Amino acid sequence: MPNRTLVPYLVLLGGVLIVSMAAVLITSAIELGVRPITIAAGRLAFATLILTPIAWSKAGGELRRLERRDWLWGLGSGVFLAIHFAAWISSLDYTSVASSTALVATNPIFVALASSLIFRERLGLAVWLGVLLTVLGSALIGLSDRDGTGGTHPLLGDALALLGAVCGSGYFLVGRSLRTRLTILPYIWVVYSTAAVILLVWMMLAGQSLFGLPPAVYLVLLGLAVGPQLLGHTAFNWAIRYVSATLVTMAILGEPIGSALLAYLFLRQPVQPLQLVGGALLLGGIAVATLAERRAQPSTAQLAEAESVIAP
Numbered sequence: 269m270p271n272r273t274l275v276p277y278l279v280l281l282g283g284v285l286i287v288s289m290a291a292v293l294i295t296s297a298i299e300l301g302v303r304p305i306t307i308a309a310g311r312l313a314f315a316t317l318i319l320t321p322i323a324w325s326k327a328g329g330e331l332r333r334l335e336r337r338d339w340l341w342g343l344g345s346g347v348f349l350a351i352h353f354a355a356w357i358s359s360l361d362y363t364s365v366a367s368s369t370a371l372v373a374t375n376p377i378f379v380a381l382a383s384s385l386i387f388r389e390r391l392g393l394a395v396w397l398g399v400l401l402t403v404l405g406s407a408l409i410g411l412s413d414r415d416g417t418g419g420t421h422p423l424l425g426d427a428l429a430l431l432g433a434v435c436g437s438g439y440f441l442v443g444r445s446l447r448t449r450l451t452i453l454p455y456i457w458v459v460y461s462t463a464a465v466i467l468l469v470w471m472m473l474a475g476q477s478l479f480g481l482p483p484a485v486y487l488v489l490l491g492l493a494v495g496p497q498l499l500g501h502t503a504f505n506w507a508i509r510y511v512s513a514t515l516v517t518m519a520i521l522g523e524p525i526g527s528a529l530l531a532y533l534f535l536r537q538p539v540q541p542l543q544l545v546g547g548a549l550l551l552g553g554i555a556v557a558t559l560a561e562r563r564a565q566p567s568t569a570q571l572a573e574a575e576s577v578i579a580p
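Residue numbers are given in this note's numbering: position 305 of the sequence shown equals residue 573, and the series is strictly consecutive.
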């Protein structure tokens, strides 16, 4: 049986390593002179091109049966996903990989807050403790970036990463009802294609183009689409069939750590002591809040996790 072997754990580890490469690849493209909106548009465009024949060959019937409300929910989710990518990728132009990836990982906290404020879902004391730890960790990261050593405009980059987290939460919340009616392939095709179109239009309005870029940039964009966008999150969704949703959640929190290590090795970006403490508090807060909420809602935990790990 696959769940009694090391295979799911190796796949999970591989998924973390793959998605951890995203920030480093994006920063490399930015250093080659490519604008963040072009990177965001190219990543989603390549992912959609790869996904389209797969989705329509395996789930064409389900896609053709989509109702108007399904398309509307999918479009709304795609709008949030487009802004998420634009904001987060832009943050890497201003702040360090370590700060950006730690702050954008706070989306579960914003989901919990929105669930409480908008949907009137009651949050337990442990969830609020997780929120407090996350806020403290974010503040420490901001303080560590005040001297400007983490990028050209670290505080702006930190704010953009948090905006990316907020919009990632919107993508999750808007798409949550749709995911109860659709399987994975139709859902991500609708959302990815919507986000790709929005980002391509945004890119053109900004006077940018996907044509005439250095060959290395196309390799980066293709790598982002095939690696973190498709293979990385597919690995999470496959592994969750054989290991607990809690383990997958904890593994995903390894992404900022992996990204920071890769940035140090390949981009020579050091991690400041205060940044390290802030990141530890932030990730610890996310873990506390996520685990507490999962214990409170065990019946929906696996579905919720399957939705959340698709979010880039």
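C-beta: ideal position from N, C-alpha, C; glycine also.
These figures come from a predicted structure and were not determined experimentally.
{"Item": "Just to confirm my understanding: we take Ala286, look at its own chain, exclude 5 residues before and 5 after, and list those with CB closer than 8 angstroms. What are they?", "Value": "It is Ile, not Ala, that sits at residue 286 in the sequence shown. Result list for Ile286: Gly495, Pro496, Leu499, Gly500 and Ala503, in chain order."}
{"Item": "Just checking my contact of Val292 with Phe534 at CB under 8 angstroms: how many whole Å lie between their CB atoms?", "Value": "6 angstroms"}
{"Item": "What first and last residue would you give for the alpha helix (DSSP H) that runs through Phe353?", "Value": "Arg336 to Ser359"}
{"Item": "Using a threshold of 9 angstroms, state whether the C-beta atoms of Ile307 and Ile298 are closer than that.", "Value": "yes"}
{"Item": "Using alpha carbons as the reference points, say which of Leu401, Ala507 and Phe387 lies closest to Leu274.", "Value": "Ala507"}
{"Item": "In terms of alpha-carbon separation, which member of Val403, Leu544 and Ala327 lies closest to Gly553?", "Value": "Val403"}
{"Item": "Once the 5 residues before and after Gly346 are set aside, which same chain residues still bring their CB inside 6 angstroms of it?", "Value": "Val459, Thr462 and Ala463"}
{"Item": "Sort Val434, Asp413 and Glu523 by Cα distance to Leu424 and report the nearest one.", "Value": "Asp413"}
{"Item": "For the segment 363 to 378 against the segment 423 to 438, do three or more pairs of beta-carbon atoms, one drawn from each stretch, fall closer than 8 angstroms, so that the two count as touching?", "Value": "yes"}
{"Item": "May I have the straight-line CA-CA distance separating Leu581 from Val485, to the nearest angstrom?", "Value": "One cannot answer for residue 581 here, as it falls past the ends of the chain, which runs 269 to 580."}
{"Item": "For the putative contact between Ser437 and Asn375, defined by C-beta atoms under 8 angstroms, what is the C-beta separation to the nearest angstrom?", "Value": "5 angstroms"}
{"Item": "Report the three-state DSSP secondary structure of Gln476 (helix, strand or coil).", "Value": "coil"}
{"Item": "Since Phe521 and Leu559 are thought to touch, with beta carbons under 8 angstroms apart, how far apart are those beta carbons, to the nearest angstrom?", "Value": "Reading off the sequence shown, one finds Leu at residue 521, where the question assumed Phe. Contact doesn't hold; Cβ gap of about 11 angstroms is too wide."}
{"Item": "Checking 9 angstroms against the spacing of the C-beta atoms, do Ile525 and Ser359 come in under that value?", "Value": "no"}
{"Item": "Does Arg333 pass the burial test, meaning 16 or more other C-beta atoms within 10 Å, or should it be called exposed?", "Value": "exposed"}
{"Item": "Could you pull out every residue in the same chain whose Cβ sits closer than 7 angstroms to the Cβ of Val379, ignoring the five residues on either side in sequence?", "Value": "Ser437, Phe440 and Leu441"}
{"Item": "On the criterion of 16 or more Cβ atoms from any shown chain inside 10 Å, does Pro580 qualify as buried, or is it exposed?", "Value": "Only weak support is given to the placement of Pro580: the predicted model assigns it a pLDDT of 46, under 50, and the value that follows is read from those uncertain coordinates. By the neighbour-count rule (16 or more Cβ atoms within 10 Å), Pro580 is buried."}
{"Item": "By alpha-carbon positions, which one of Leu408, Leu515, Leu490 and Leu489 ends up nearest to Gly546?", "Value": "Leu408"}
{"Item": "Glu299 by DSSP, collapsed to three states: which one?", "Value": "helix"}
{"Item": "To the nearest angstrom, how far is the alpha carbon of Leu468 from that of Leu393?", "Value": "43 angstroms"}
{"Item": "Could you compute how far the alpha carbon of Ala290 sits from the alpha carbon of Leu492?", "Value": "6 angstroms"}
{"Item": "What are the start and end residues of the alpha helix (DSSP H) that includes Thr320?", "Value": "Pro304 to Arg332"}
{"Item": "Do Ala528 and Val539 have their C-beta atoms closer together than 9 angstroms?", "Value": "yes"}
{"Item": "Let me know if Ala474 comes out buried or exposed under the rule of 16 or more other beta-carbons within 10 Å of its beta-carbon.", "Value": "exposed"}
{"Item": "Could you check where the alpha helix (DSSP H) with Leu401 kicks off and where it finishes?", "Value": "Leu393 to Ser412"}
{"Item": "Taking only three categories from DSSP, how would you classify His501?", "Value": "helix"}
{"Item": "Considering only their Cβ atoms, is the gap separating Leu453 from Leu319 smaller than 9 angstroms?", "Value": "yes"}
{"Item": "May I have the straight-line CA-CA distance separating Ala548 from Pro482, to the nearest angstrom?", "Value": "37 angstroms"}
{"Item": "Could you pull out every residue in the same chain whose Cβ sits closer than 6 angstroms to the Cβ of Trp457, ignoring the five residues on either side in sequence?", "Value": "Leu319 and Ala323"}
{"Item": "Return the residue from the list Gly443, Arg449, Asn505 and Gly419 that minimises the CA-CA distance to Val365.", "Value": "Gly419"}
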